[in-house]
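Residue numbers (this note's numbering): 61 to 226.
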């Protein structure tokens with residue numbers, strides 16, 4: 061079994077889908093936001109985007125957290141750039157990637173409705189600028205305009221459709 065990465069820019073519902081998928085598959089859930097340093101959280105909360113240098117050690121901590129579960133997990137992590145996903149693969153091996161994407165206005169409205177989250181709506185554009193959409197056979201791209209249940213069904217089908225992925 062492989063680790064599963066649920067990725068996308070802020071506000072796409074990575075954590076919501078990843079928790080549901082982890083529950084369905086009886087796997088541990090890893091929330092990448094829990095591995096940010098307090099300095100990184102303060103920086104983002106002030107409206108400043110993180111740099112590549114800010115993210116390397118964070119990605120390492122996320123991967124270490126996933127490995128510490130002792131079994132393949134479902135990881136909710138922005139992993140915007142190909143190099144970030146490669147960094148996770150260096151630790152985790154091959155991963156299945158579920159990429160959540162959607163209309164900017166929908167994402168902005170979801171972010172504006174969130175309570176008690178440090179990521180401001182103003183960072184959407186910097187996240188979109190950094191995004192390098194994944195490609196390859198171990199990638200499923202989903203439109204967040206669809207209902208959560210439909211997204212979860214598609215994600216579960218994607219990661220379980222082959223004996224190599226189950």
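Even glycine gets a Cβ: it sits at the ideal position worked out from N, Cα and C.
Nearest-angstrom Cβ-Cβ length linking residue 69 and residue 140, presumed shorter than 8 angstroms: One-based indexing of the chain shown puts residue 69 at position 9. One-based indexing of the chain shown puts residue 140 at position 80. That belief holds up - the Cβ atoms of residue 69 and residue 140 are roughly 7 angstroms apart, short of 8 angstroms.
Stretch pair the stretch 194-204 + the stretch 99-113: three plus CB contacts closer than 8 angstroms: no
Cβ shell of residue 125 (< 7 angstroms), same chain only, five flanking positions each side left out: Translated into the one-based positions of the chain shown, residue 125 becomes position 65. These residues qualify, in order along the chain: 90, 95.
At least three beta-carbon pairs within less than 8 angstroms, the stretch 75-94 to the stretch 132-146: Segments in contact, yes.
Buried/exposed call for residue 187, threshold 16 Cβ in 10 Å: To locate residue 187, count along the chain shown from 1; it is residue 127. Looking at its Cβ environment, which holds 16 or more other Cβ atoms inside 10 Å, residue 187 is buried.
Delimiting residues of the beta strand (DSSP E) encompassing residue 91: Position 31 of the chain shown, counted from the start, is the residue given in the question as residue 91. From DSSP, the beta strand (DSSP E) with residue 91 extends over 89-91.
Buried versus exposed call for residue 73 [16 or more other C-beta atoms within 10 Å across all chains shown]: Against the chain shown, residue 73 aligns to sequence position 13. By the 10 Å Cβ count, residue 73 comes out buried.
Contiguous beta strand (DSSP E) assignments of at least 3 residues, all confined to the stretch 104-144: 134-136
Run of the beta strand (DSSP E) containing residue 65, from where it starts to where it stops: Sequence index remark: in the chain shown, residue 65 carries index 5 (1-based). 63-67 is the span of the beta strand (DSSP E), which, as asked, contains residue 65.
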